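Which chain is which? The protein sequence lines are B and V, in order.
So the first sequence is numbered by this note's numbering: it starts at 37 and just counts up by one.
So the second sequence is numbered by this note's numbering: it starts at 37 and just counts up by one.
Presented below is the structure to which this report refers.
Protein chains: 2
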Amino acid sequence: MAEAREATDVAQDEDTGPDLASFLAHAAARVDAELDRRLPTVADCGDLAAAMRHLVTGGGKRFRPALVLLACRDVGGSEDDAIATAAAMELIHTYSLIHDDLPCMDDAKLRRGKACVHVAYPEATAVLAGDAMLTLAFEVIAAGTPAHRPIGGMIVALGRAAGWAGMAGGQVLDLAAEGAEPDLDMVRRIHEGKTASLIEVSLRLGAMAGGGGGEDVERLARYGHRVGLAFQIVDDLLDTEVSAEQMGKDVGADADNDKLTWPGVVGNEQARADARRLVDEALVDARGGREEALLAALAEKVLSRRN
Amino acid sequence: MAEAREATDVAQDEDTGPDLASFLAHAAARVDAELDRRLPTVADCGDLAAAMRHLVTGGGKRFRPALVLLACRDVGGSEDDAIATAAAMELIHTYSLIHDDLPCMDDAKLRRGKACVHVAYPEATAVLAGDAMLTLAFEVIAAGTPAHRPIGGMIVALGRAAGWAGMAGGQVLDLAAEGAEPDLDMVRRIHEGKTASLIEVSLRLGAMAGGGGGEDVERLARYGHRVGLAFQIVDDLLDTEVSAEQMGKDVGADADNDKLTWPGVVGNEQARADARRLVDEALVDARGGREEALLAALAEKVLSRRN
Numbered sequence: 037m038a039e040a041r042e043a044t045d046v047a048q049d050e051d052t053g054p055d056l057a058s059f060l061a062h063a064a065a066r067v068d069a070e071l072d073r074r075l076p077t078v079a080d081c082g083d084l085a086a087a088m089r090h091l092v093t094g095g096g097k098r099f100r101p102a103l104v105l106l107a108c109r110d111v112g113g114s115e116d117d118a119i120a121t122a123a124a125m126e127l128i129h130t131y132s133l134i135h136d137d138l139p140c141m142d143d144a145k146l147r148r149g150k151a152c153v154h155v156a157y158p159e160a161t162a163v164l165a166g167d168a169m170l171t172l173a174f175e176v177i178a179a180g181t182p183a184h185r186p187i188g189g190m191i192v193a194l195g196r197a198a199g200w201a202g203m204a205g206g207q208v209l210d211l212a213a214e215g216a217e218p219d220l221d222m223v224r225r226i227h228e229g230k231t232a233s234l235i236e237v238s239l240r241l242g243a244m245a246g247g248g249g250g251e252d253v254e255r256l257a258r259y260g261h262r263v264g265l266a267f268q269i270v271d272d273l274l275d276t277e278v279s280a281e282q283m284g285k286d287v288g289a290d291a292d293n294d295k296l297t298w299p300g301v302v303g304n305e306q307a308r309a310d311a312r313r314l315v316d317e318a319l320v321d322a323r324g325g326r327e328e329a330l331l332a333a334l335a336e337k338v339l340s341r342r343n
Numbered sequence: 037m038a039e040a041r042e043a044t045d046v047a048q049d050e051d052t053g054p055d056l057a058s059f060l061a062h063a064a065a066r067v068d069a070e071l072d073r074r075l076p077t078v079a080d081c082g083d084l085a086a087a088m089r090h091l092v093t094g095g096g097k098r099f100r101p102a103l104v105l106l107a108c109r110d111v112g113g114s115e116d117d118a119i120a121t122a123a124a125m126e127l128i129h130t131y132s133l134i135h136d137d138l139p140c141m142d143d144a145k146l147r148r149g150k151a152c153v154h155v156a157y158p159e160a161t162a163v164l165a166g167d168a169m170l171t172l173a174f175e176v177i178a179a180g181t182p183a184h185r186p187i188g189g190m191i192v193a194l195g196r197a198a199g200w201a202g203m204a205g206g207q208v209l210d211l212a213a214e215g216a217e218p219d220l221d222m223v224r225r226i227h228e229g230k231t232a233s234l235i236e237v238s239l240r241l242g243a244m245a246g247g248g249g250g251e252d253v254e255r256l257a258r259y260g261h262r263v264g265l266a267f268q269i270v271d272d273l274l275d276t277e278v279s280a281e282q283m284g285k286d287v288g289a290d291a292d293n294d295k296l297t298w299p300g301v302v303g304n305e306q307a308r309a310d311a312r313r314l315v316d317e318a319l320v321d322a323r324g325g326r327e328e329a330l331l332a333a334l335a336e337k338v339l340s341r342r343n
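Structure (structure tokens):
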């Protein structure tokens, strides 16, 4: 499934070279197998397991796991050292989607081309599935990372990126800013918290799991921060431009929910220029390790993506 | 606040000896200071911080943190090694209360004598405050436990206890069992998941943080499992017996929500006998370390508590 999906993505995207396409397909297949191994089955815990697997098995670009593996390779590590962390980042990303889609937040119905978890299952099960996936993410990193890697430091970094100082804090700001006056500083803080922090920490954890030194870890984290911010700016642009069928989720939702968006503050043209500049900066940080070409190609793909 | 509150608890409870009373007051004061140090402030993240602090600063017996510190002392460790874990267990417990009280779950209004978080703040903020507290718990253990302790193993144990195999799974079973035929095996699984697993892991993590050997860790975990199950049976009994004012939360809620409870299956008299037997078994596991007297007194207090 994952390979077929990624192959389709790639075929639609003329800017993606063959090396990146095959790496992404490889990364998606590896992380899908790891997720299947780490997630409970219906025999373990019934509907809770089904709800936890609902979105994970429903597609997704596996962008964050690919970044984890790429950062690990960039510092000379083996993918085996980082595959658990790669799966954990997809668990965290998916938990955040499940909770963000809840009726009390974005009240979405469609995600990754299928019903949201709280639509397909009771709302309480959706909340608890998200809780259990967040919990499992920390467990999987601790259980699956070699003991000689800095597991404690990785857990601290993930906590900061996913918690009040990162993703959860960004979501609160995002909800509070609905209907607010356009303000670039506020949009930046929301996007840094909601999106860039988790993408940044994907690179950071991959490099740490791969045994990278401090300078490489910080260089890759910077790359991730810039690519992450560009990713969200492009997401805002796509929300205004493409169909729900292409995106596999509700679109135009930002405007419907009166969300503060980057193009909403600076206009579409300037937003495209800002994303380009961030990717150009990321290309500088892509240099210095063993995977410069793939890191550069992935940063460019963020700009050219259509879904 | 904490010391005054615990002193009042103790004065009302004639079965609690002076040593246990002073230990509980001491543990509550230490963990309250640690929580205040670890939680964000309103200057950090506004309403999210206020929502995260709402229930934590609103009382609570600090039962799980006291068990963490006691297990650490029992194996000869310093409380300093386990104080971060003690705070983390209160964060996890509080996050579970916030999510369990949500409209889509127990739809409670009153907790620890004040409005539930989703009543005092927007529902979305309550969901995210719970998410951020769960995230912070893992971060605090990793950041605050000495590096020579088995941090990775502690994170794995906490993940299992709090996630699909433990607390989150128990809550799903609890909701699914509303209105079901009385079934002791099902009630046991719900109580083991929802309550005993977190109390058990409080002992386990405290012993691990204190440098305890495998046998002591397992002995204290067994003590925790039995005390935890007894604690929940007593909770079920109190729900039928005492006033909301005494409990500081909605009572009679189990019957209102058609919950499966231990006394609902076996009757009040047998439930009291079952709790007594579990505490007697725990008293055996209380033997072998440096804090047998306090562990025994705490197990007895679980039976005699009035709130």
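Positions of the beta carbon are idealized from the N, C-alpha and C atoms, including for glycine.
No experiment lies behind these values; they were computed from the predicted model shown.
For residue i, the first and last residue of its enclosing alpha helix (DSSP H)
{"i": "V:S114", "result": "Premise fails: V:S114 is in no alpha helix (DSSP H) and is neither H nor E."}
{"i": "B:D137", "result": "It is not in any alpha helix (DSSP H) - B:D137 carries neither H nor E in the DSSP assignment."}
{"i": "V:A204", "result": "203 to 212"}
{"i": "B:L75", "result": "From DSSP, B:L75 is part of no alpha helix (DSSP H); its letter is neither H nor E."}
{"i": "V:R313", "result": "304 to 321"}
{"i": "V:R255", "result": "250 to 277"}
{"i": "B:G96", "result": "It is not in any alpha helix (DSSP H) - B:G96 carries neither H nor E in the DSSP assignment."}
{"i": "B:G247", "result": "Element bounds for B:G247: n/a, residue is neither H nor E."}
Below-9 Å beta-carbon distance, residue i vs any chain V residue
{"i": "B:I191", "result": "yes"}
{"i": "B:T171", "result": "yes"}
{"i": "B:A64", "result": "no"}
{"i": "B:M88", "result": "yes"}
{"i": "B:A67", "result": "In the sequence on display, residue 67 of chain B carries Val and not Ala. Not one chain V Cβ lies under 9 Å of B:V67."}
{"i": "B:V1", "result": "The first residue shown for chain B is 37 and the last is 343, placing residue 1 of chain B beyond what the model contains."}
{"i": "B:L194", "result": "yes"}
{"i": "B:G205", "result": "yes"}
{"i": "B:P76", "result": "yes"}
Neighbouring residues, chain B, relative to residue i (Cβ below 7 Å)
{"i": "V:H135", "result": "V163, D167"}
{"i": "V:C140", "result": "E159, A160, V163"}
{"i": "V:L211", "result": "A160"}
Chain B contact for residue i (CB, 9 Å cutoff)
{"i": "V:I235", "result": "no"}
{"i": "V:D72", "result": "no"}
{"i": "V:A243", "result": "no"}
{"i": "V:R41", "result": "Low per-residue confidence applies at V:R41: pLDDT is 35, beneath 50, and the placement is therefore not dependable enough to give any value."}
{"i": "V:L296", "result": "no"}
{"i": "V:E217", "result": "no"}
{"i": "V:M37", "result": "For V:M37, the predicted structure reports a pLDDT of 31, less than 50, and the residue's modelled location is therefore unreliable. A value from the coordinates is still provided. No, V:M37 does not count as interfacial toward chain B."}
{"i": "V:E126", "result": "no"}
{"i": "V:G82", "result": "yes"}
{"i": "V:A156", "result": "no"}
{"i": "V:D45", "result": "Below a pLDDT of 50, predicted positions are generally treated as unreliable, and V:D45, at 40, falls in that range; no measurement from the model is reported."}
{"i": "V:A311", "result": "no"}
{"i": "V:P299", "result": "no"}
Secondary structure of residue i, DSSP reduced to three states
{"i": "V:E327", "result": "coil"}
{"i": "V:L345", "result": "Past the boundaries of the shown model lies residue 345 of chain V; chain V is included only from 37 to 343, so the question cannot be answered."}
{"i": "B:S340", "result": "helix"}
{"i": "V:A151", "result": "strand"}
{"i": "B:K295", "result": "coil"}
{"i": "B:E70", "result": "helix"}
{"i": "V:T121", "result": "helix"}
{"i": "B:K230", "result": "helix"}
{"i": "V:E217", "result": "coil"}
{"i": "V:R185", "result": "coil"}
{"i": "V:R131", "result": "The question names Arg, yet the displayed sequence has Tyr at residue 131 of chain V. It is helical."}
{"i": "V:G166", "result": "helix"}
Contacts of residue i in chain V (Cβ-Cβ under 7 Å)
{"i": "B:A198", "result": "T171"}
Chain-ordered chain V contacts of residue i [CB-CB under 8 Å]
{"i": "B:A85", "result": "W200"}
Anticipated Cβ contact below 8 Å, residue i with residue j, distance rounded
{"i": "B:M244", "j": "B:G189", "result": "6 Å"}
{"i": "B:L103", "j": "B:G242", "result": "7 Å"}
{"i": "B:L170", "j": "B:Y131", "result": "5 Å"}
Residue i: contacting residues in chain B (beta-carbon distance under 8 Å)
{"i": "V:A335", "result": "What V:A335 touches in chain B: nothing, since even the nearest Cβ is about 28 Å away."}
Under 9 Å by beta carbon: chain B residues contacting residue i
{"i": "V:I187", "result": "A178, I187, G188, I191"}
{"i": "V:A183", "result": "G188"}
Beta-carbon neighbours of residue i, restricted to chain V and to distances below 9 Å
{"i": "B:V208", "result": "C81, G82, D83, L84, A87, A160, T161, L164, A165, A168"}
9 Å Cβ cutoff, residue i in contact with chain A
{"i": "V:A333", "result": "Absent from the structure is chain A; the protein chains it does hold are B and V."}
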